[in-house]
Amino acid sequence: MRGRLGNRLGLKALAVAGVLVAGCSLAQAQGDWFRPPGDVGQPSARPTQQQRPQQRQQARPQQRAAPPPAEPRRAWSPFQPLMDLFGGRRDNRPRRVRPVEPQFAPPPPVVVQQPADPRGKVHASSSEARAASDEVKEVVLVFGDEQAGTLAQGLADAFAADRETAAVVARSEADAGFGPGRGVDLIAAARQLPTGSEQANVIVVLAGSHDLEPITDGTGARAELFDERWRDLYSRRVEDFLLALKLQRRNVVVVGLPPVEDAVRNEQITRYNALLKEMVERSGFIFVDVTDGFVDENGKFMMSGPAVDGQRRRLRTADGVGFTRAGARKLAFFVDQKLDDLLTGKDLPATAADPADARPSIIMLTGGPPAGNARTLAGAPGVLSATDIRRSPMEEDATPEPARMLVEGTAPPAVAGRTDDFRWPPGQPDEPLVPPMPQTPLPGTSTP
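Going letter by letter, the sequence shown gives residues -29 to -1, 1 to 419 in mature numbering (1 follows the signal peptide of the UniProt record, and there is no 0).
1) List the residues that DSSP assigns as beta-bridge partners of Ala147.
2) Could you check if Lys(-18) is buried or exposed, using at least 16 other CB atoms within 10 Å of its CB as the buried criterion?
3) I need the DSSP call for Pro277, collapsed to helix, strand or coil.
4) Between the region 276 to 295 and the region 93 to 107, do three or more beta carbon pairs fall short of 8 Å?
5) Helix, strand or coil for Phe304, going by three-state DSSP, please let me know.
6) Decide if Ser168 is buried, meaning its Cβ has at least 16 other Cβ atoms within 10 Å, or exposed.
7) Within the same chain, show all residues whose beta-carbon is closer than 6 Å to that of Thr262, passing over the 5 residues directly before and after it, in chain order.
8) Roughly how many angstroms lie between the CA atoms of Thr136 and Asp188, to the nearest whole one?
9) From Val110 to Ala138, what distance separates their C-alpha atoms?
10) Would you call the CB atoms of Ile158 and Ala215 closer than 8 Å?
11) Throw me the rounded Cβ distance for the Ala194 and Trp201 pair, which I believe falls under 8 Å.
12) Between which two residues does the alpha helix (DSSP H) carrying Gly120 extend?
13) Which residues mark the beginning and the end of the beta strand (DSSP E) in which Leu177 is found?
14) State the CB to CB distance for the pair Asp198 and Gly227, rounded to an integer number of angstroms; the pair is presumed to be in contact (CB under 8 Å).
15) Which class does Val81 belong to by DSSP, given the choice of helix, strand or coil?
16) Just checking my contact of Leu313 with Asn222 at CB under 8 Å: how many whole Å lie between their CB atoms?
17) Please name the residue, chosen from Gly291, Pro185, Glu184 and Val266, that lies closest to Asp233 on a Cα-to-Cα basis.
18) Any heavy atom of the ligand MN closer than 7 Å to the CB of Asp263?
19) Of all the options Asn244, Glu210 and Gly298, which has the alpha carbon lying nearest to the alpha carbon of Thr288?
20) Ignore the nearest five residues each way along the sequence and tell me which others in Lys309's own chain have a CB closer than 7 Å to its CB.
21) Assign Phe50 to one of three DSSP states: helix, strand, or coil.
22) If you draw a straight line from the C-alpha of Phe75 to the C-alpha of Arg67, how long is it?
23) Give the secondary structure of Thr136 by DSSP, where H, G and I count as helix, E and B as strand, and everything else as coil.
24) Determine the extent of the alpha helix (DSSP H) in which Val251 is found, giving its start and end residues.
25) Closest to Ser143 by C-alpha separation, out of Gly152, Ser206, Leu122 and Gln170, would be which residue?
26) Taking the runs of the alpha helix (DSSP H) that are 4 residues or longer, which of them lie wholly in the region 155 to 227?
27) For the alpha helix (DSSP H) that Arg67 lies in, which residues bound it at each end?
28) What residue from Gly255, Arg253, Gly293 and Gly281 has the CA that sits closest to Phe272's CA?
29) Taking buried to mean at least 16 other C-beta atoms within 10 Å of its own C-beta, is Lys108 buried or exposed?
30) For Arg162, I'd like the list of residues in its chain whose CB is within less than 7 Å of its CB, leaving aside the five on either flank, ordered along the chain.
31) Per DSSP, Ala141 is paired with what?
32) Count the other CB atoms, across all protein chains shown, that sit within 10 Å of the CB of Asp267; report buried if there are 16 or more and exposed otherwise.
33) If we count the other Cβ atoms within 10 Å of its Cβ and call it buried at 16 or more, is Gln118 buried or exposed?
34) Verify whether the separation of the beta carbon atoms of Leu164 and Gly115 is less than 8 Å.
35) My guess is that Val113 and Ala147 are in contact by the Cβ rule of under 8 Å, so how many angstroms apart are they, rounded?
36) Which one or two residues does DSSP pair with Phe294 in a beta bridge?
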């Protein structure tokens, strides 16, 4: 009896629990949290659209809209809201892609090339230069070793750009020099320069790079470089060369040796240029030093540097001795500055009677004669100038006021009102109005 009663109570309890569970599930399913999406379990396409009669579809084909694309069937999950909240719903529908416009490569930039520098022509003779153009009025002869040929081309390039009335003639030999024993003797070549219509207006000389070595004289004695014997022998040969150029009665420009990459050689070139400059200026010619154009601010050799156009370019060749085209143009730049006045006749006369006459006179504060012709001062007969002829004897005896004050110690004339005016009474003239008494005794009086 008791066993049956217990079984009935257990069955009733189970039934009540089942009802409660079912009711709770239905209540919770009404919330959004457990509500499955509306499309879960639904077919991708409506069945009514599939059951339309075939005849209706054929009757109005133009009014039927295209069916939407089928979407994949999704399975419902109780965690779908969380997935939609944090991860977002995946939209697998195809997106409309904008057509990609064709991209064309940009046109290459227009590069404006600078016009090439004009290339001047170096002529072999003055007649050839004048025959090449009727505008040629001046001829510049470049004379010397192989570096003179480089200088000639640089001058020709410069003349082609801004001086069309001038032409360049080159006479350069690879082994030319002033020293004895050279392959080409410049002294003999200078004596054979053309005259007359073939004569150049200006002569430019660049040589000496092969002379930096010992000299052997006629007796076989060896003179080392830059010693006293070497200077004596070499100076005589250079003076003979300059004398041959002076007989041409033309302006002469002598160019010093440019620096090279070898430091020892550079020191020799510096000493050589100092010696050459002294001899050239003593002869009354113009010396041009080009060292500053090919060294930096510290005085060191530079392979590349600023060119004539202001751009940094390669100036020297790989051996550190030769010149590139830009270097030749810069070498000619220093010479061209001197040629401006020489070709227009604004500089010194072509030849001077004596080198001392071409130098400025020294002002002698002691009242002595100014420095003039050295030979005349030594006692040689001189020629009186027109000024000396017109000078009166009174002007010869007159002594200039500064000389009287400095040499004789004469006081300067007093200025009225100044503190050093000691005249009494004030304002009296320097010289007395009444002449002084004669120093000779009067007649009839005896000297005590």
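Ideal Cβ positions, reconstructed from N, Cα and C, are used throughout, including at glycine.
Since the structure is predicted, the reported quantities are computational estimates derived from the model, not experimental observations.
Quick look at the numbers:
1) Position 176 of the sequence shown, counted from the start, is the residue given in the question as residue 147. Ala147 pairs with Val155.
2) What you label residue -18 is simply residue 12 of the sequence shown in a count that begins at 1. Exposed, since its Cβ has fewer than 16 Cβ neighbours within 10 Å.
3) If you number the sequence shown from 1, residue 277 lands on position 306. Of the three classes helix, strand and coil, the one that applies to Pro277 here is strand, per DSSP.
4) These segments do not touch.
5) For the purposes of this step, residue 304 is identified with residue 333 of the sequence shown, where counting begins at 1. Phe304 falls in the helix class under three-state DSSP.
6) In the sequence shown, counting from the first residue as 1, residue 168 sits at position 197. Answer is exposed; the Cβ neighbour count stays below 16.
7) On the sequence shown, residue 262 is found 291 positions in, with the first residue counted as 1. Take Thr262, set aside five residues on each side of it, and the residues of its chain with a beta-carbon closer than 6 Å to its own are Pro230, in chain order.
8) Counted from its first residue, the sequence shown places residue 136 at position 165. Counted from its first residue, the sequence shown places residue 188 at position 217. Taking the straight line from one Cα to the other gives about 45 Å.
9) Position 139 of the sequence shown, counted from the first residue, corresponds to residue 110. Position 167 of the sequence shown, counted from the first residue, corresponds to residue 138. Taking the straight line from one Cα to the other gives about 5 Å.
10) The sequence position of residue 158 within the sequence shown is 187, counting from 1. The sequence position of residue 215 within the sequence shown is 244, counting from 1. The answer is yes: Cβ separation under 8 Å.
11) Position 223 of the sequence shown, counted from the first residue, corresponds to residue 194. Position 230 of the sequence shown, counted from the first residue, corresponds to residue 201. For a cut-off of 8 Å, the C-beta gap from Ala194 to Trp201 is around 4 Å, short enough to register as a contact.
12) Residue numbering aside, residue 120 sits at position 149 when the sequence shown is read from its first letter. Per DSSP, Gly120 belongs to the alpha helix (DSSP H) from Glu117 to Asp133.
13) As a first step, residue 177 must be located in the sequence shown, where it is residue number 206. Val173 to Leu177 is the extent of the beta strand (DSSP E) around Leu177.
14) Position 227 of the sequence shown, counting from 1, holds the residue named residue 198. Position 256 of the sequence shown, counting from 1, holds the residue named residue 227. 21 Å between Cβ atoms; not a contact.
15) Residue numbering aside, residue 81 sits at position 110 when the sequence shown is read from its first letter. Judged by DSSP in its simplified three-state form, Val81 adopts coil rather than helix or strand.
16) Within the sequence shown, residue 313 is the residue found at index 342, counting from 1. Within the sequence shown, residue 222 is the residue found at index 251, counting from 1. Yes, Leu313 and Asn222 are in contact; Cβ-Cβ is about 5 Å, under 8 Å.
17) Taking the sequence shown and counting its residues from 1, the one referred to as residue 233 is at position 262. Of the listed residues, the one whose Cα sits closest to Asp233 is Gly291.
18) With respect to small molecules bound, the structure shown includes none, and the ligand MN cannot be examined in it.
19) Translated into the one-based positions of the sequence shown, residue 288 becomes position 317. Residue Gly298 is the option with its Cα nearest to Thr288.
20) As a first step, residue 309 must be located in the sequence shown, where it is residue number 338. Counting only Cβ-Cβ distances below 7 Å, and skipping sequence neighbours, we find Val224, Ile257 and Val259.
21) By 1-based counting over the sequence shown, the position of residue 50 is 79. In the displayed model, Phe50 falls within coil according to three-state DSSP, outside both helix and strand.
22) The residue labelled residue 75 in the question sits at position 104 within the sequence shown. The residue labelled residue 67 in the question sits at position 96 within the sequence shown. Here the C-alpha atom of Phe75 lies approximately 24 Å from the C-alpha atom of Arg67.
23) The count along the sequence shown starts at 1 and reaches residue 136 at position 165. Annotated three-state conformation of Thr136 is coil, per DSSP.
24) Taking the sequence shown and counting its residues from 1, the one referred to as residue 251 is at position 280. For Val251, the enclosing alpha helix (DSSP H) has its first and last residue at Ala234 to Arg253.
25) Numbered from its first residue, the sequence shown carries residue 143 at position 172. Checking every option, the nearest Cα to that of Ser143 belongs to Leu122.
26) For the region 155 to 227, whole alpha helix (DSSP H) runs of length 4 or above, ordered along the chain, are 157 to 162 and 199 to 217.
27) In the sequence shown, residue 67 corresponds to position 96, counting from 1. According to the DSSP assignment, Arg67 belongs to no alpha helix (DSSP H), since it is labelled neither H nor E.
28) Here residue 272 refers to the residue found at position 301 when the sequence shown is read from its first residue. When the alpha-carbon of Phe272 is set against those of Gly255, Arg253, Gly293 and Gly281, the nearest one is in Gly293.
29) Position 137 of the sequence shown, counted from the first residue, corresponds to residue 108. So Lys108 counts as exposed.
30) As a working mapping, residue 162 is identified with position 191 in the sequence shown. Beyond the five residues adjoining it in sequence on each side, Arg162 comes within less than 7 Å, by CB distance, of Ala215 in the same chain, given in chain order.
31) Stepping through the sequence shown from its first residue, residue 141 is reached at position 170. According to DSSP, Ala141 bridges with Val113.
32) To locate residue 267, count along the sequence shown from 1; it is residue 296. By the neighbour-count criterion, in which a residue is buried when 16 or more other Cβ atoms sit within 10 angstroms of its Cβ, Asp267 is exposed.
33) Taking the first residue of the sequence shown as 1, we reach residue 118 at position 147. With 16 or more other Cβ atoms within 10 Å, it is buried.
34) Counting from 1 along the sequence shown, the entry for residue 164 is found at position 193. Counting from 1 along the sequence shown, the entry for residue 115 is found at position 144. Not in contact: Leu164 and Gly115 (Cβ atoms no closer than 8 Å).
35) Walking along the sequence shown from the start, residue 113 turns up at place 142. Walking along the sequence shown from the start, residue 147 turns up at place 176. Actually they do not touch by this definition, with Cβ atoms about 12 Å apart.
36) By one-based count along the sequence shown, residue 294 stands at place 323. The partner list for Phe294 (beta bridge, DSSP) reads Arg287.
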